[in-house]
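Its first residue numbered 3, the sequence shown is counted upward by one per residue in the numbering used here. Accompanying notes for the structure given below.
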Amino acid sequence: MRHTFLAVAAALILAAPCAGAVVVLNPVDTIYVPARSIAVTGTQSRDLVGIIYSRDNLYFNEPGAPRFLFFDKEGKIAFGIGGSVKGTAHYDFNGAIGEGPDFTTYDIPVPADPANRQALGADLSHSSIYLRLVGRTTRFGYYSAFLQTNFTGDAPGKYGFLLKQAYMTLGPWLGGLTNSTFVDVAAAPPTIEEEGPCGQLSVKQIMVRYAPRLNDHWSLGVALEIPKNTFTTNSHNERIAQRVPDIPAYVQYRWGGGNSHVRLSGLVRTMSYRNLLEQKNHFANGWGAQLSGMAELVPGLTLMYQAAYGAGISSYVNDLGGNGLDLISPDGDSGRMTAPHSLGLLGGLQYDWGKLTVSGSWSLCRLYDQGEMGPTTYKYANYVTANVFYNPLSDFQVGVEYNWGMRKDMDGTSGHANRISVLAQYSF
3 MRHTFLAVAA ALILAAPCAG AVVVLNPVDT IYVPARSIAV TGTQSRDLVG
53 IIYSRDNLYF NEPGAPRFLF FDKEGKIAFG IGGSVKGTAH YDFNGAIGEG
103 PDFTTYDIPV PADPANRQAL GADLSHSSIY LRLVGRTTRF GYYSAFLQTN
153 FTGDAPGKYG FLLKQAYMTL GPWLGGLTNS TFVDVAAAPP TIEEEGPCGQ
203 LSVKQIMVRY APRLNDHWSL GVALEIPKNT FTTNSHNERI AQRVPDIPAY
253 VQYRWGGGNS HVRLSGLVRT MSYRNLLEQK NHFANGWGAQ LSGMAELVPG
303 LTLMYQAAYG AGISSYVNDL GGNGLDLISP DGDSGRMTAP HSLGLLGGLQ
353 YDWGKLTVSG SWSLCRLYDQ GEMGPTTYKY ANYVTANVFY NPLSDFQVGV
403 EYNWGMRKDM DGTSGHANRI SVLAQYSF
């Protein structure tokens with residue numbers, strides 16, 4: 003079997019320079035195909051190739067289509083293996099956040115720390131490996147499985163294998179771990195630093211999603227998702243196991259062949275905590291709404307935007323997630339917990355010109371209802387980025403980026419940070 007596979011691989015490599023060449027050996031069930039040539043048996047598998055190449059649920063800085071694909075003999079199943087080696091380096095000046103690859107404005111020291119005004123860092127942990135399988139059935143239509151990993155480990159600065167996405171689809175149904183249905187991935191601007199704009203919605207959760215495409219323009223989605231939330235508790239209350247899934251939904255209209263869309267999203271959630279004074283469990287409700295989208299203004303120039311507002315949605319917001327702000331304790335005596343309101347705004351422009359991509363974006367994150375948490379509590383942050391990406395080869399990308407961030411606390415004090423980052427990434 004090994005010799006047979008090697009023979010097929012050698013034949014395909016030799017045939018690759020011939021335009022339109024197709025190698026078919028009937029005794030072999032699997033054909034090793036260079037994806038760039040898309041040399042499949044006839045045209046029966048081109049729809050599968052299109053799905054393999056889809057960038058749904060992927061951000062700009064995540065690897066694209068795999069270089070090589072496998073197809074079954076009948077052209078009903080395609081399997082791709084790909085990934086990227088991604089190296090970044092950065093230098094913080096006039097205010098430093100840290101040595102990691104994330105430029106998180108929440109972590110800007112307030113007031114400024116004169117002992118840490120500069121920082122140098124480099125990272126390879128966001129190199130990635132992924133697998134994608136796509137098939138076709140007569141009864142249910144297309145099905146797929148997707149698995150993506152990186153090497154960020156379980157702590158900052160620690161390299162280790164980590165699951166990033168893992169999901170299966172059957173027609174309009176999806177089950178597994180991927181970007182939340184409340185998140186509009188396509189409306190996110192490109193960045194080299196890994197965190198992204200402070201007011202951007204970005205979180206991955208385990209879910210069951212139903213997302214049919216009604217026609218060429220309209221689509222919708224609704225999901226049940228396992229929540230990731232964190233609370234700020236005191237001696238009179240505590241977080242307990244969550245009992246109700248988050249329910250996000252959206253409706254989207256797209257045009258221009260998919261280069262433009264507008265999406266309206268909503269979220270309802272119920273969070274559980276225990277009042278230790280009453281010795282009772284309680285529920286606190288949260289909700290959110292977002293208007294997002296992208297619009298191709300002229301060929302090559304795209305506007306991206308997001309505006310989100312809600313109560314108890316901090317775990318969905320880049321700057322606020324993981325900081326105990328989905329529920330807070332508004333006073334120190336009653337044991338009661340409430341869902342603070344928050345606002346996230348984002349706007350960006352991206353220009354694609356051949357092998358060159360230039361972009362810039364601004365973002366705001368604002369937290370409300372936190373006055374009782376003390377004068378050093380986060381109030382709002384601003385984020386600005388500008389970058390240039392260049393592809394000297396089809397699979398090799400380099401880039402440079404400038405980031406500026408500002409955090410202000412409730413007492414009016416603020417801190418700033420600046421960063422220059424460079425990128426080298428090879429995708430395969």
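We put the CB at the ideal spot given by N, CA and C, even for glycine.
| Check | Outcome |
| --- | --- |
| Beta-carbon spacing of PRO191, SER363 below 8 Å | yes |
| Bounding residues of the beta strand (DSSP E) (the contiguous stretch that carries VAL51) | Unbroken run through VAL51 is the alpha helix (DSSP H), 48-54; no beta strand (DSSP E). |
| Status (buried if at least 16 other CB within 10 Å, exposed otherwise) for PHE233 | buried |
| Integer-rounded CB distance, given that ALA251 should sit under 8 Å from VAL224 | 4 Å |
| Euclidean distance between Cα positions of THR171 and ILE53 | 12 Å |
| Rounded distance between the beta-carbons of TYR275 and ARG241, thought under 8 Å | 6 Å |
| DSSP three-state assignment for VAL431, whether helix, strand or coil | Outside the displayed span of the chain (3 to 430) sits residue 431, for which this structure offers no information. |
| For VAL87: DSSP bridge partner residues | TYR428 |
| Length of the line joining the Cα atoms of ALA114 and GLY100 | 13 Å |
| GLY295, DSSP secondary structure in three states | strand |
| Beta-carbon proximity check, LEU345 vs MET273, cutoff 8 Å | no |
| Best match in ILE422, MET408 and ALA291 for proximity to THR106 [C-alpha to C-alpha] | MET408 |
| The segment 175-188 / the segment 198-205 touching (three or more Cβ pairs under 8 Å) | yes |
| DSSP state of ASP411 mapped onto helix, strand, coil | strand |
| Contact belief for TYR132 with GLN150 at Cβ below 8 Å, rounded distance in angstroms | 4 Å |
| Other residues of its chain near SER267: CB distance less than 6 Å, five sequence neighbours each side excluded | PHE184, TYR252 and GLN292 |
| For LEU278, the residue or residues it bridges with in DSSP | In DSSP, LEU278 forms no bridge with anything. |
| Closest by C-alpha distance to LYS88, when choosing among LYS230, GLY350 and ILE194 | ILE194 |
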